[in-house]
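Working notes, structure below.
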Amino acid sequence: MSPAHPYRAVAWSAVVSLLLLFATAPSSQAPAPPAPTPSSGPEDPLAREPRRPLLRPRLRPEAVEAPAAKGKFIAAGPVSPFDGKSQVSCDLVAEYRKHNIASRGLGCCVFRSLDHAGHYQNVPALYGMPEWMVQSGIAGGGYPGKVAQLIPRIARDRKLPVPPFAQHTGGDAAVLELGLKTGRYPGVTYAGMDSRYRGPIAHMVNLAYLDKDQAAILDNNFPDQYLWMSREDFLQRWRGQGGGWAVFLLGPPASPVPHNSETP
Amino acid sequence: MNAFALASLLALTPAGWGPSGCAAVAVPLLAAHQIPLGAPPLPAVLRSNAPAYAQAMYRWQKYSDTTWHLYHCGPWGETCIGGWRSDEKSYHPWAGLQWGAACPSPVPVPVAETGPAPREAAVENFGVDVDRVRTSARYSIGNRDVGREEFCAAVGNELPDDSAKPFLTVIGGEESCNKVLADLESHPSLKGVRDRWHVQSYRPDDAMVRAAGFSAVTSPEVYLQKPDGTVLHHPQGGYQGPEALAQAVRKADPAYNPKSDPDLTAPALPSLPPWAKEPWVWAVAAGVLVYLLSNNRKK
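Those sequence lines, one after another, are chains A and B. Convert by adding 527 to the 1-based position in the first sequence; the result is the number in my numbering. Convert by adding 5 to the 1-based position in the second sequence; the result is the number in my numbering.
Here's what the structure looks like:
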């Protein structure tokens with residue numbers, strides 16, 4: 528038996544490879560691809576396959592900014608733009624958010640804040656308090672004594688029970704935390720110097736959120752959005768003009784959003 | 006000596022008194038249109054007879070918003086010796102008829118004029134009477150001043166914290182809701198519910214109700230909820246009366262235990278002797294039982 532030629536295996540391999548190559552090649556009898564439809568104008572860029580972005584899209588600065596840095600003020604919705612998860616404790620529906628007005632030339636921010644708190648805590652006696660002041664010829668401008676005088680007066684005027692309320696001056700932050708924890712919507716003095724006011728202001732707004740890092744207010748001059756800021760910034764502005772004054776309605780908080788139990 | 010001669014003499018007067026006065030050289034004169042400070046008044050006549058050494062001093066006199074004149078008060082009267090322009094922060098010696106070029110002031114410049122006065126930013130007021138808001142710590146409930154503890158208790162202190170209270174919400178027309186509220190106030194089976202629950206009464210068109218997703222099909226709707234919003238009870242047929250509500254409240258109450266309900270129809274159990282209610286008696290009895298059983302097995 529003669530030994531196999533050393534190039535025999537190589538030759539057979541080459542033959543098999545060629546056969547395989549021809550077998551997998553597209554047949555010349557394959558149907559032709561459909562003719563392209565004539566386009567009347569330039570190529571539609573949207574029809575093209577979207578190009579894969581080389582870089583991840585950059586988040587808008589308002590989207591998520593962590594942490595709540597001092598001096599950073601962001602107008603946003605009920606969810607914190609700093610951590611993206613904290614939600615305001617008291618979210619008043621847009622329908623009840625109203626702008627501040629003036630009565631006899633003086634602003635009614637204190638009484639608009641009470642109006643907002645009244646709507647949130649379902650206290651009809653305080654609905655539209657600034658408008659009531661205009662109708663009654665009562666000048667705007669608020670201080671604790673005037674609030675204590677006008678809340679009973681508007682309730683009597685509307686033949687409704689006087690809503691219980693509490694006030695604090697002196698800037699004790701624990702009082703605010705307590706109020707928010709129990710579902711009250713405090714009105715708080717606010718000194719401006721933020722992204723909306725360049726200088727100091729004498730103003731009252733509603734405090735919607737306060738934790739160890741951040742705070743959110745609902746300003747009746749800009750009632751469309753909450754203004755988020757660091758806790759330190761807020762407390763500084765609360766205690767600035769007006770010395771840390773807060774007004775609470777002591778009635779029950781708003782009923783929580785109903786939902787089914789997770790375990791049926 | 007006529008006036009011209011006097012002026013010429015004064016013009017060459019070395020300017021500079023005091024420890025850091027100008028150099029004792031003739032003051033270069035400025036043209037009339039360059040006079041920066043206005044003409045100083047005539048020197049005042051000294052009214053005091055005090056010793057001369059006691060009266061030698063300097064005095065700043067405000068001339069306008071931006072200019073001050075410096076007087077040297079000597080035994081024979083006050084003499085203007087210079088002026089300070091706060092807007093340019095420059096001192097000019099008075100040469101008798103004209104102001105000299107800027108040089109260091111012989112005495113400290115007016116205190117209020119050492120730098121630009123801090124201009125108080127105008128406070129825009131949107132309705133807070135800042136002057137009447139007491140800045141000292143003060144707590145009040147209604148018209149009554151209270152202590153911090155009472156205030157915190159009213160708002161919801163750590164101990165009597167009402168954030169754990171469940172919610173009883175009534176939604177409907179005013180009349181029908183008032184009936185439920187009246188039952189909550191006066192019906193014996195609902196006694197104490199108002200204290201243990203947050204009670205809210207809403208009209209169906211209230212935006213807070215609509216936004217929260219409460220149903221307002223029947224009048225009145227009654228919701229019992231946990232503080233986190235979990236619905237504990239919501240009768241589909243609306244308010245079924247005080248007894249039904251009381252039963253629902255009992256069942257929905259987190260502290261409710263059906264086994265603790267009194268059952269007056271059940272037969273009364275024979276009462277145990279007092280010693281049988283002691284737990285250690287039962288423990289000893291169990292021990293004895295275990296011992297007896299183990300002995301039986303060994304045998």
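Built from N, CA and C at the ideal position, the CB exists for glycine as well.
Beta carbon proximity, residue i to chain A, threshold 8 Å
i	result
valine 254 (chain B)	no
serine 69 (chain B)	no
arginine 201 (chain B)	no
proline 278 (chain B)	no
asparagine 130 (chain B)	yes
aspartate 92 (chain B)	no
glutamine 205 (chain B)	yes
glutamine 241 (chain B)	no
glycine 218 (chain B)	yes
threonine 223 (chain B)	no
tyrosine 244 (chain B)	no
arginine 137 (chain B)	yes
aspartate 134 (chain B)	yes
alanine 127 (chain B)	yes
serine 194 (chain B)	no
aspartate 188 (chain B)	no
alanine 212 (chain B)	yes
aspartate 258 (chain B)	no
threonine 72 (chain B)	no
serine 168 (chain B)	yes
Residue range of the alpha helix (DSSP H) that includes residue i
i	result
serine 91 (chain B)	Neither: serine 91 (chain B) is in no alpha helix (DSSP H) and is coded neither H nor E.
serine 663 (chain A)	656-663
histidine 492 (chain A)	Past the boundaries of the shown model lies residue 492 (chain A); chain A is included only from 528 to 791, so the question cannot be answered.
methionine 720 (chain A)	Unbroken run through methionine 720 (chain A): none, as it is neither H nor E.
glutamine 252 (chain B)	247-257
serine 757 (chain A)	Careful: serine 757 (chain A) lies outside any alpha helix (DSSP H), inside the beta strand (DSSP E) at 753-757.
Any C-beta of chain B under 8 Å from that of residue i
i	result
leucine 705 (chain A)	yes
cysteine 636 (chain A)	yes
glutamate 622 (chain A)	yes
arginine 683 (chain A)	no
alanine 700 (chain A)	no
leucine 633 (chain A)	yes
alanine 602 (chain A)	no
phenylalanine 848 (chain A)	Outside the shown range of chain A, which is 528 to 791, sits residue 848 (chain A), and nothing can be said about it.
glycine 697 (chain A)	yes
lysine 686 (chain A)	no
lysine 612 (chain A)	no
lysine 495 (chain A)	The requested residue 495 (chain A) is not part of the displayed model; chain A covers only 528 to 791.
lysine 708 (chain A)	yes
glycine 655 (chain A)	no
Range covered by the beta strand (DSSP E) that runs through residue i
i	result
aspartate 150 (chain B)	149-151
proline 727 (chain A)	727-737
leucine 192 (chain B)	Going by the sequence as given, residue 192 (chain B) is histidine instead of leucine. Element bounds for histidine 192 (chain B): n/a, residue is neither H nor E.
arginine 631 (chain A)	No beta strand (DSSP E) holds arginine 631 (chain A); DSSP gives it neither H nor E.
glutamine 741 (chain A)	741-745
serine 145 (chain B)	143-146
glutamate 226 (chain B)	226-230
cysteine 353 (chain B)	Because chain B spans 6 through 304 in this model, residue 353 (chain B) falls outside it and cannot be assessed.
alanine 773 (chain A)	772-776
alanine 602 (chain A)	601-603
Cβ-based burial, residue i [other Cβ within 10 Å; buried from 16]
i	result
arginine 90 (chain B)	buried
alanine 621 (chain A)	exposed
proline 785 (chain A)	buried
tyrosine 296 (chain B)	exposed
asparagine 148 (chain B)	exposed
arginine 64 (chain B)	exposed
asparagine 733 (chain A)	buried
serine 110 (chain B)	buried
leucine 294 (chain B)	exposed
leucine 277 (chain B)	exposed
Whole-number beta carbon distance between residue j and residue i, since they are thought to touch under 8 Å
i	j	result
leucine 305 (chain B)	proline 247 (chain B)	Past the boundaries of the shown model lies residue 305 (chain B); chain B is included only from 6 to 304, so the question cannot be answered.
asparagine 747 (chain A)	asparagine 627 (chain A)	4 Å
valine 254 (chain B)	leucine 229 (chain B)	7 Å
tyrosine 623 (chain A)	histidine 643 (chain A)	7 Å
alanine 652 (chain A)	leucine 687 (chain A)	4 Å
Residue i CB to nearest heavy atom of the ligand COA below 7 Å
i	result
valine 702 (chain A)	Among the ligands in the structure shown, none appear at all, so the ligand COA cannot be discussed.
Going along the chain, which residues of the region 766-789 of chain A sit with their C-beta nearer than 7 Å to a C-beta in chain B? Gln768, Gly769, Gly770, Trp772, Phe775, Leu777, Pro779, Pro780, Ala781, Ser782, Pro783, Val784, Pro785, His786, Asn787 and Ser788
Could you name the residues of the region 711-737 of chain A whose beta carbon sits closer than 8 Å to any beta carbon of chain B, in the order they occur along the chain? Arg711, Thr716, Gly719, Tyr724, Gly726, Pro727, Ile728, Ala729, His730 and Met731
Which residues, in chain order, does the region 144-161 of chain B contribute to contact with chain A at a C-beta distance below 7 Å? Tyr144, Ser145, Ile146, Gly147, Asn148, Phe156, Cys157, Ala159, Val160 and Gly161
For the region 661-675 of chain A, enumerate the residues whose C-beta is nearer than 9 Å to any C-beta of chain B, in chain order. Gly667, Gly668, Gly669, Tyr670, Pro671, Gly672, Lys673 and Ala675
Can you give me, in chain order, the residues of the region 227-240 of chain B that have a beta carbon less than 9 Å from any beta carbon in chain A? Tyr228, Gln230, Lys231, Pro232, Asp233, Gly234, Thr235, Val236, Leu237 and His239
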